[in-house]
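>
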Amino acid sequence: MSKKTEVINIFSKVANKYDFINNVISFGVHKLWEKKLLSKISLNITKGNSYQNALDLCTGTGALLYKLSLVSKNLYALDISNEMLDIAKKRLNKIYDDINDKNKLENIKFYQGEAENLPFKDNFFDLIVVSYGVRNFYDLNKGLQEIYRCLSKNGIAYILEFGKPILVTKLYKKSFSRYLCKLWQKLFIFYFSKIMPLIVRIFSKDTNSYRYLSKSALSFPSDEEFVKILSQNGLHCSKCDAMLGGFVYLYTCNIDKWLHFFSKRFFYAFCNNFVIYHFLNILYWYFTSYY
Numbered sequence: 002m003s004k005k006t007e008v009i010n011i012f013s014k015v016a017n018k019y020d021f022i023n024n025v026i027s028f029g030v031h032k033l034w035e036k037k038l039l040s041k042i043s044l045n046i047t048k049g050n051s052y053q054n055a056l057d058l059c060t061g062t063g064a065l066l067y068k069l070s071l072v073s074k075n076l077y078a079l080d081i082s083n084e085m086l087d088i089a090k091k092r093l094n095k096i097y098d099d100i101n102d103k104n105k106l107e108n109i110k111f112y113q114g115e116a117e118n119l120p121f122k123d124n125f126f127d128l129i130v131v132s133y134g135v136r137n138f139y140d141l142n143k144g145l146q147e148i149y150r151c152l153s154k155n156g157i158a159y160i161l162e163f164g165k166p167i168l169v170t171k172l173y174k175k176s177f178s179r180y181l182c183k184l185w186q187k188l189f190i191f192y193f194s195k196i197m198p199l200i201v202r203i204f205s206k207d208t209n210s211y212r213y214l215s216k217s218a219l220s221f222p223s224d225e226e227f228v229k230i231l232s233q234n235g236l237h238c239s240k241c242d243a244m245l246g247g248f249v250y251l252y253t254c255n256i257d258k259w260l261h262f263f264s265k266r267f268f269y270a271f272c273n274n275f276v277i278y279h280f281l282n283i284l285y286w287y288f289t290s291y292y
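Start counting the sequence shown at 2; every next residue gets the next number (my numbering).
#1: Is the beta carbon of R150 sitting closer than 8 Å to the one on D123?
#2: Return the chain-ordered list of same chain residues with a C-beta closer than 8 Å to the C-beta of T170, the five sequence neighbours on each side being excluded.
#3: Tell me which residues share the same chain as M85 and place their Cβ nearer than 7 Å to its Cβ, disregarding the 5 neighbours each side in the sequence.
#4: Do S129 and L76 have their C-beta atoms within less than 8 Å of each other?
#5: Any idea what DSSP makes of K36, helix, strand or coil?
#6: Output needed for Y252: all residues of its chain with C-beta closer than 6 Å, excluding positions within five of it in sequence on either side, in chain order.
#7: Does the pairing of the stretch 96-115 with the stretch 24-33 give three or more beta-carbon distances under 8 Å?
#8: Y112 by DSSP, collapsed to three states: which one?
#9: Are the CB atoms of Y211 and S205 nearer to each other than 8 Å?
#10: For L39, which residues from the same chain have a beta carbon less than 6 Å from its beta carbon, with the 5 sequence-adjacent residues on both sides left out?
#11: Between the Cα of Q146 and the Cα atoms of N24, Q233, S51 and K4, which residue gives the shortest distance?
#12: Using a Cβ-Cβ cut-off of 7 Å (strictly less than) and excluding sequence neighbours within five positions of F126, which residues of its own chain qualify?
#13: Alpha carbon to alpha carbon, how far is P120 from I42? Give it in angstroms, no decimals.
#14: In chain order, what residues of the same chain lie with their CB nearer than 7 Å to the CB of I200, ignoring the 5 residues before and after it?
#15: Can you grab the Cα-Cα spacing for the pair I256 / N142, in whole Å?
#16: Restricting to Cα atoms, I'd like to know which of G114, A89, A116 and Q113 is closest to L346.
#17: Just to confirm before moving on: does the CB-CB distance between K5 and Y112 stay below 8 Å?
#18: Rounded C-beta distance between L79 and L58? I'm assuming under 8 Å.
#19: Going by DSSP in three states, L132 sits in which element: helix, strand or coil?
#20: Relative to the C-alpha of G134, which candidate in Y97, Y192, L214 and K195 has its C-alpha closest?
#21: Using the C-alpha atoms, what's the distance from S70 back to K229?
#22: Hey, would you say R136 sits closer than 8 Å to F221, going by beta carbons?
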């Protein structure tokens, strides 16, 4: 079974209980991480930026849609699972029913599709948000390249994703804090591999699906490793926020303008050689700090 088929099947099965199980296994803390993401988006508006077109990629059950609709003129939501999209639509309709303002729904469009083949034109979005969805891309590089393609020249992309709290140990050479970091790493792995499946088994019969979700979180690249992958696909990570000791990362990304110039004019026009493009990306990443 391909990863694409596996992801579709898994999220179709867990759609009805997805929000409830997430609240249980994260003890509700995931809402704080999402709140930080939304606060960064709002802060960017106060600095004079505006979002004409925004995309909630891998929207899932639409947990962020209402807040995103308040800061963007046109909002697009895309997910690979129709079952997830149905729940997102119902959630949004209920919210706007409660506040008696259904006119805003006309500016929100839903798409069933895959991140690796976005049905949007180049440089279309001023804002792209991916919340806990990147690790489910069946082709990570292709998905990131699509984000790069669809992001406007001055656009911004936020990626919220689980990570591995391993690289924080490099901050400490010989100190008690170093051992605390190592302990946290072991607790993280133990919780995801042992405790989380037990909790899921209590509330859901579909333990196999959540076993995939825990394995994908443990195996997904994070921190510097993921920042390098972003850079290799044309996205410059200007800020990398590690939350809960590296349990979750929030990546703030924009287009590498220097590389954008060369990739559009130099690479595509003359070389048609992907090696040069990646070489320029790696050079830019090497000489640029993301903290």
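Think of the CB as a built atom: it goes at the ideal place given N, C-alpha and C, for glycine as much as any other residue.
This is what the structure holds:
#1: Locating residue 150 in the sequence shown gives position 149, counting from the first residue. Locating residue 123 in the sequence shown gives position 122, counting from the first residue. A contact, by the Cβ cut-off of 8 Å.
#2: Translated into positions along the sequence shown, residue 170 becomes position 169. The predicted model places T170 with a pLDDT of 45, which falls under 50 and marks its position as unreliable, so this point remains unresolved.
#3: Within the sequence shown, residue 85 is the residue found at index 84, counting from 1. Excluding residues up to 5 positions away in sequence, F12, A16, G61 and T62 lie with their Cβ nearer than 7 Å to the Cβ of M85 in the same chain.
#4: Numbered from its first residue, the sequence shown carries residue 129 at position 128. Numbered from its first residue, the sequence shown carries residue 76 at position 75. Before going on, a small fix: residue 129 reads as Ile here, not Ser. No, Cβ-Cβ distance for I129 and L76 is not below 8 Å.
#5: Residue 36 sits at position 35 when you count from the first residue of the sequence shown. Here K36 sits in helix by DSSP.
#6: Translated into the one-based positions of the sequence shown, residue 252 becomes position 251. Scanning its chain for C-beta atoms nearer than 6 Å, with the 5 sequence neighbours on each side dropped, one finds around Y252 the residues I160, C238 and C241, in chain order.
#7: Between the stretch 96-115 and the stretch 24-33 there are fewer than three inter-stretch CB-CB distances shorter than 8 Å, so the stretches are not counted as touching.
#8: As a first step, residue 112 must be located in the sequence shown, where it is residue number 111. In this structure, DSSP gives Y112 an extended state, which the three-state scheme calls strand.
#9: As a position in the sequence shown, residue 211 is number 210, starting the count at 1. As a position in the sequence shown, residue 205 is number 204, starting the count at 1. Result yes, Cβ atoms of Y211 and S205 sit closer than 8 Å.
#10: Counting from one through the sequence shown, the residue named residue 39 turns up at place 38. Excluding residues within five positions, the ones whose Cβ falls inside 6 Å are K68.
#11: Residue numbering aside, residue 146 sits at position 145 when the sequence shown is read from its first letter. Residue Q233 is the option with its Cα nearest to Q146.
#12: As a first step, residue 126 is located in the sequence shown; it is residue number 125 there, counting from the start. Beyond the five residues adjoining it in sequence on each side, F126 comes within less than 7 Å, by CB distance, of N54, A55, L56, C151, L152, S153 and G156 in the same chain, given in chain order.
#13: As a position in the sequence shown, residue 42 is number 41, starting the count at 1. As a position in the sequence shown, residue 120 is number 119, starting the count at 1. Using only the alpha carbons, I get a separation of about 24 Å.
#14: Stepping through the sequence shown from its first residue, residue 200 is reached at position 199. Taken in chain order, the residues that qualify are V25 and I26.
#15: One-based indexing of the sequence shown puts residue 256 at position 255. One-based indexing of the sequence shown puts residue 142 at position 141. Computed Cα separation, rounded: 15 Å.
#16: Since the displayed the chain opens at 2 and closes at 292, residue 346 lies outside it and no answer follows.
#17: Walking along the sequence shown from the start, residue 5 turns up at place 4. Walking along the sequence shown from the start, residue 112 turns up at place 111. Against a cut-off of 8 Å, the Cβ pair of Y112 and K5 comes out as no contact.
#18: Numbered from 1 along the sequence shown, position 78 holds the residue referred to as residue 79. Numbered from 1 along the sequence shown, position 57 holds the residue referred to as residue 58. About 6 Å separates the beta carbons of L79 and L58, which is inside the 8 Å limit, making them a contact pair.
#19: For the purposes of this step, residue 132 is taken as residue 131 along the sequence shown, with counting starting at 1. Looking at the sequence shown, residue 132 is not Leu but Ser. Strand.
#20: Taking the sequence shown and counting its residues from 1, the one referred to as residue 134 is at position 133. Distance from the Cα of G134 is smallest, within the candidate group Y97, Y192, L214 and K195, for L214.
#21: As a working note, residue 229 is residue 228 in the sequence shown. As a working note, residue 70 is residue 69 in the sequence shown. Straight through space, the alpha carbons of S70 and K229 are spaced by roughly 31 Å.
#22: Sequence index remark: in the sequence shown, residue 136 carries index 135 (1-based). Sequence index remark: in the sequence shown, residue 221 carries index 220 (1-based). Yes; because the gap between Cβ atoms is below 8 Å, this pair is in contact.
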